[in-house]
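Shown next, in structure tokens, is the structure this report addresses.
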Amino acid sequence: MRGSKKFSYVSNEIKEDYKPQLVKGRTGWVVKGLVYASLVGVGLMGVNVAETQAAEWTPNTAETIRAKIKEGDTSYTFVEGDTFYEIGRAINVKYTVLMELNGFAEGTQYTVPVGTTITFDGRKVTLTDKDGKVVNEKILSDDAKIDKSQPFINQKSDTIKGTSVSTNNQSTSTNNGGNSSKPNPVQPVTPVKPIKPTDPTTPIKPVDPKPEENRLAELKKQLAELEAQLANKQTELEDAIAKLNEANAQNRENSIILANAQITVNNLNEELIAAESAVVSAQNTVTEAQAAIDAWQPTDKETEIPKSLVEALNAAQAELAAAQANKEAIKNQRIAAEQALEEAKQLPMINTATILEGIDVINNEINSLQQKIDEVKAEIAKLEGNTKPTEDVKLEEARQKALNTLGTLNLLPEELADFTAVIQSAKSIEEINDYLAQAQLAHDKNEAIENESKELKAAKAKAIKQLAELNLGSEDKEVLSYQINNAVSVEEINDILINAKSISDENDKKLEAEKLKLEAAKSDAKKEIATLNLSGEEQATFISLVDNAKTVAEVSDALENARQVSDKNNQNEQSQLEKTKKEAINSLDGLNLKASEKAEFTNQIEKAQTIVEINAILKEAQATSNKNDESSSEKELSEAKNQAKYELAKMNLTQSQNIEFEKQIDEATTVSSINLIIANAQKVSDKNDADTEQSKKLEEAKASAKTSVNGMNLTSNQKVDFEKQINEVKSIDGVNLVVANAKKASDINDANEANAEKLAKAKTQAEKDVQSLEYLPQSEKDKFLAEIKSAQTISEVNTTLENAKKSDTQFKDDAENAKKLEASRKSALDELKGLNLKGNTSYETQIKNAKTEAEIKSALDAAKAESTKNDKDDATSKELEQAKKDAITEINKLNLSDTEKADFTNQVNAAKTASEISTIMKKAKDKSEANDSKKTATVTFLIKDQFGNDLGKVVKEVEAGGKYSFTLQDLGLDDSYSLARGPLKGDSPKNEGQNKNVMIVVKGPVVKDNDEHAAKFQEDFEKHMNELRAENGTDPLQHSSVLQEAADIRAKELADKFGHDRPNGEGSYTVLYDVDGGQSYNGLAENIASGGYGDMTGESAAEALFNDWHNSEDHNANMISGHTTEYGLAFFYDENTGRTYAVLLTSTPRK
1 MRGSKKFSYV SNEIKEDYKP QLVKGRTGWV VKGLVYASLV GVGLMGVNVA
51 ETQAAEWTPN TAETIRAKIK EGDTSYTFVE GDTFYEIGRA INVKYTVLME
101 LNGFAEGTQY TVPVGTTITF DGRKVTLTDK DGKVVNEKIL SDDAKIDKSQ
151 PFINQKSDTI KGTSVSTNNQ STSTNNGGNS SKPNPVQPVT PVKPIKPTDP
201 TTPIKPVDPK PEENRLAELK KQLAELEAQL ANKQTELEDA IAKLNEANAQ
251 NRENSIILAN AQITVNNLNE ELIAAESAVV SAQNTVTEAQ AAIDAWQPTD
301 KETEIPKSLV EALNAAQAEL AAAQANKEAI KNQRIAAEQA LEEAKQLPMI
351 NTATILEGID VINNEINSLQ QKIDEVKAEI AKLEGNTKPT EDVKLEEARQ
401 KALNTLGTLN LLPEELADFT AVIQSAKSIE EINDYLAQAQ LAHDKNEAIE
451 NESKELKAAK AKAIKQLAEL NLGSEDKEVL SYQINNAVSV EEINDILINA
501 KSISDENDKK LEAEKLKLEA AKSDAKKEIA TLNLSGEEQA TFISLVDNAK
551 TVAEVSDALE NARQVSDKNN QNEQSQLEKT KKEAINSLDG LNLKASEKAE
601 FTNQIEKAQT IVEINAILKE AQATSNKNDE SSSEKELSEA KNQAKYELAK
651 MNLTQSQNIE FEKQIDEATT VSSINLIIAN AQKVSDKNDA DTEQSKKLEE
701 AKASAKTSVN GMNLTSNQKV DFEKQINEVK SIDGVNLVVA NAKKASDIND
751 ANEANAEKLA KAKTQAEKDV QSLEYLPQSE KDKFLAEIKS AQTISEVNTT
801 LENAKKSDTQ FKDDAENAKK LEASRKSALD ELKGLNLKGN TSYETQIKNA
851 KTEAEIKSAL DAAKAESTKN DKDDATSKEL EQAKKDAITE INKLNLSDTE
901 KADFTNQVNA AKTASEISTI MKKAKDKSEA NDSKKTATVT FLIKDQFGND
951 LGKVVKEVEA GGKYSFTLQD LGLDDSYSLA RGPLKGDSPK NEGQNKNVMI
1001 VVKGPVVKDN DEHAAKFQED FEKHMNELRA ENGTDPLQHS SVLQEAADIR
1051 AKELADKFGH DRPNGEGSYT VLYDVDGGQS YNGLAENIAS GGYGDMTGES
1101 AAEALFNDWH NSEDHNANMI SGHTTEYGLA FFYDENTGRT YAVLLTSTPR
1151 K
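Quick note: the sequence shown uses full-length UniProt numbering, first residue 1, plus one each step.
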């Protein structure tokens, strides 16, 4: 925690509607957050405790008994004056358990067997009578304790060391790496106890008591019994509230799980829509890529489908596959998320209503017990009052009446406790009445707040519900909800709702208009899609997109995509038609057609508009060909074969190709089939011709290229490389490109050889010129010389030299200007010393920092102007100061209160002119004259802090019969204090000289919100710990930044999971791996605690935490261990629970 803020805050999006707290009141533990009626009953605990005194018999207090038990003692012997109730408090055993062990019935807790000795061996207890005979032996459970976090009597632990009886109620202690943790250390419950009277100081048994005295003794026994029952009920109340807090925490956790599960499902639904859209887009890309391939036509140079088109199709298909896989993955994730949502819906939500009903029942029982206590106390007071003076009786009657009245008022627990305390300590009936009047004002205020709060809360809930039914955007709804939740009146909420309904109506109109517009757009789009050139599947897809569109823009996008697909379909069909025509005309060569017939069919094909028409024409041509074949004679067939073989002999065919085609001709049965064979042979021949010619030309080009390269100005490596490239190329264009590149390299070599000598000479001269420059620093020269050395051309050398000369000129000008500037600066500073500037050094700073002479002149002119003004003001100022002194002297002589004098003095000191002072003095004199006839009274402020500590009282003089108003600063408190409750303004006493007591409670600085107290918290704890180590002979622990960082992490983790296991289930020692990989330390010892340390002062918090750990054997062992040398200590304040979590980590560095 060193060097950083000590506490962080955590919050939770899901707020708890109700979370009562058990807090330590002035007279015991009370519940904050329950209904007011219950609070009043609890707050009355301890009324008239000061009057619960025995006239002739005094019980020994728990403090007296505890003082007799020395360190190391594990037994106690009952003596005269002991009660089971006070013995139990002293040794941490419920008095009912002690009575049962000794064989006594309920109601006899003041009758103890004197001489009986109770001995503890851990949780094993043995009772022996005064003769040493064992009368009972038993092993006690934690349920027998008043404070379950503390051991019995003053033992270090409850572990049984000797032979013990087996029991199922033994508790267990765990530690982490040898270190035990006592979670949630709390203050022990302190039941209300009888108060020891002043006189007599020793117990006296009554002799022949009077009837009143017998009754008084019975009443006091009954009172102690009722108070003990009340203490037990308070413990039950504490347990019930702990159970309620656990239920609220579980409900909150389950609500968060459910909310997160729903959010996950919603997000996956949105992702699935996006994934489906991506699949449609990918499908369109695949369609486009396939269409591009279908539209491609081979050429003489390009006979195969280009690689780029094939790669584009492959990429589009891969993108489609990925999109479909992503869609399926999201579907699977959504199924899992929906299953998790269903499981979250099944998480149990604990019904806290039953627990709250139980708290109300206990609270009512506490009220009933308190009422009985009040009745018994009243009767005791009445019996004891027989011997009191008349005035004392009246005072006590008024006090009791006032306390009874308090019980009927609607007061906060703190208010009830405070008013009860001051009324009990009041010395006069007038003082009691004054406090009662203040309590009535607090009651009226609470009633008004409660009534207004209920109405306002109901109006807010109703308004939020109405918002949900309106047509509002998420942003509007968020803003309006915020306004409603922060509204301070029902009228304000109604205005917000009117505005919300207006927005909703406008949204309804917009929504209806958009809906009509959307439907019209969908209808038009579907009509147009029906007219487009789309396949059935494509048309169905685009119709679906239009139907599912949520906006007009989405409809437009779907229609535009449909148009694009239609256009591409049209382009593909046209391209396919042209390709089919060409193939059809070529196929005519294979048919047995006359020249006129072939020309006619060719003409028909060229004019065809569809592939269907072309197929029909080819079918007709085939029929004509067949007809011609049928009409051909055997002689014509033979002549056709001979002519075909003759044509075949003239073609450029390989031997195998020639044999194959002759075989086909011999087997032909029609003239048309012979024509088709000749056509196919011609294609092969043409291809062979082209290949032979191309190959011959390529070889000739390569030979010529190699000759050219050998004659060029190239290095041997360059020649080898270019000849290799020539051998590898497959076309004449490639050969020509290699020769061109070789020529470029040759030209560069020619130029380089010609320019190298000139460049060297230019560099030498430029270097000499740079070195000769007069004003250029050597570091700058070195930069320019490096540029010259690396230059590749004479132009680059010349440019660098020119830049060096310009830089030299600039350095020269800068040097001359600097001399002039310094001369001007010195002159201006000298002149400045003679000016009247009233200590204003800004002009001196401006002149020293000036970059130009103009800036110096401007600053000096401004200084002269101010000096002239100051000269004039000095004369006026002296007169004004004298007038102020005279006025203040006169104010102090006037009849004014201290506050009024201070106010008028402040006004005078702030005055700017003599006329203002005159006006102020007139008002002061008028006020003084009014005070001459004014009657004064006093108001005494009784000041306490939030812990109930008295901070003193302050008496302020006020006007009798008037009103008063003060601030905490008026009462001598600094800004670190704030008002918690109580009035700082009100009506003054009516009569002159009368005093009015006013009690106020202020909130002082505490650890959780004050850095100084947070630092004090840690510093004092370190001091206590190392003092303890010194007492035990171990060296002080040194602070470690690594252990500190680890402790900071662990303190925050405790808010999520209190224990030595981390929230992720790992042991606490693994935190060192998070900090430095576990490299620095051997092992780790850990102490943890949680409690209200953040609401204490730094000094108190440190002492409380130290004592909590010091009083635990295992925690104390960690603090004094000689095996550790370094530590880290961290605190974390959880705003949600109001608890502070503390962590102490100790270890020894690795060597």
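Heads up, the beta-carbon is just placed ideally off N, CA and C, and yes, glycines get one too.
Keep in mind it's a predicted model, so treat the numbers as computed, not measured.
Taking A562 as the centre and dropping the five residues before and after it, the same chain places the C-beta of I529, L532, L534, F542 closer than 7 Å to its C-beta, in chain order. One Cα belongs to H1039, the other to E1099, and the distance between them is close to 20 Å. Straight through space, the alpha carbons of A553 and I503 are spaced by roughly 24 Å. With fewer than 16 neighbouring CB atoms inside 10 Å of its own CB, D873 falls in the exposed class. With a cutoff of 7 Å on beta-carbon distance, I362 and K233 are scored as near each other. Secondary structure at L951: strand, using DSSP grouped into helix, strand and coil.
In chain order, V1007, F1017, Y1093 place their CB closer than 6 Å to the CB of A1101, counting only its own chain and leaving out the 5 sequence neighbours on each side. When the five nearest sequence neighbours on each side are left out, the beta carbons in the same chain lying within less than 8 Å of the beta carbon of K848 are those of R825, L829, in order along the chain. The closest CA to that of N717, considering only V735, A703, A745, is found on A745.
In the DSSP assignment, P413 falls within the unbroken alpha helix (DSSP H) covering 413-424. In the DSSP assignment, D1076 falls outside any beta strand (DSSP E) and within the unbroken alpha helix (DSSP H) covering 1071-1076. Put simply, the backbone Cα of K833 is about 51 Å away from that of T799. Beta-carbon to beta-carbon, N404 and H443 are separated by about 14 Å, too far to satisfy the 8 Å threshold.
By the CB criterion at 7 Å, V709 and A762 fall outside the cutoff.
Selection L237, E1012, V958 evaluated against N991 yields V958 as nearest (Cα-Cα). Note that the C-beta distance between N92 and Q155 is not below 7 Å. Listed as beta-bridge partners of S1090 by DSSP are Y1141. Contact check for A247 against T352 passes: the beta carbons are separated by less than 7 Å. Here N895 is near N931, since their CB atoms are less than 7 Å apart.
V112 and Q222 do not touch by the CB rule: their CB atoms are close to 17 Å apart, not below 8 Å. When Cβ pairs closer than 8 Å are counted between the two stretches, the stretch 631-645 is seen not to touch the stretch 596-603, the count staying below three. Counting only the Cα atoms, T905 lies some 10 Å from D898. P1149 counts as exposed, since fewer than 16 other C-beta atoms from the protein chains shown sit within 10 angstroms of its C-beta. Beta-bridge analysis with DSSP links S75 to T119. With fewer than 16 other Cβ atoms from the protein chains shown falling within 10 Å of its own Cβ, I449 counts as exposed. In the displayed model, A850 falls within coil according to three-state DSSP, outside both helix and strand. Residues A282, T285 of the same chain have their beta carbon placed closer than 7 Å to that of E319, with the five preceding and five following residues left out of the count. S1090 is positioned such that its CB atom lies no closer than 7 Å to that of R1029.
Ranked by how close their Cα comes to the Cα of M921, the residues T889, K934, D147 have T889 in first place. In this structure, L347 and N254 form a Cβ contact; the two beta carbons are roughly 4 Å apart against a cut-off of 8 Å.
DSSP, reduced to helix, strand and coil, places E957 within a strand of the structure shown. By the C-beta criterion, the stretch 649-657 is judged to be in contact with the stretch 682-699, since at least 3 inter-stretch pairs fall below 8 Å.
Counting C-beta pairs with one atom in each stretch, the stretch 1048-1063 and the stretch 1121-1135 have three or more that are closer than 8 Å, which means they touch. Under a 10 Å Cβ-count criterion, N570 is classified as exposed, with fewer than 16 other Cβ atoms of the shown protein chains found around its own Cβ.
Contact check for A278 against A325 fails: the beta carbons are separated by 7 Å or more. Burial state of H1115 is buried, judged by a 10 Å Cβ sphere holding 16 or more other Cβ atoms.
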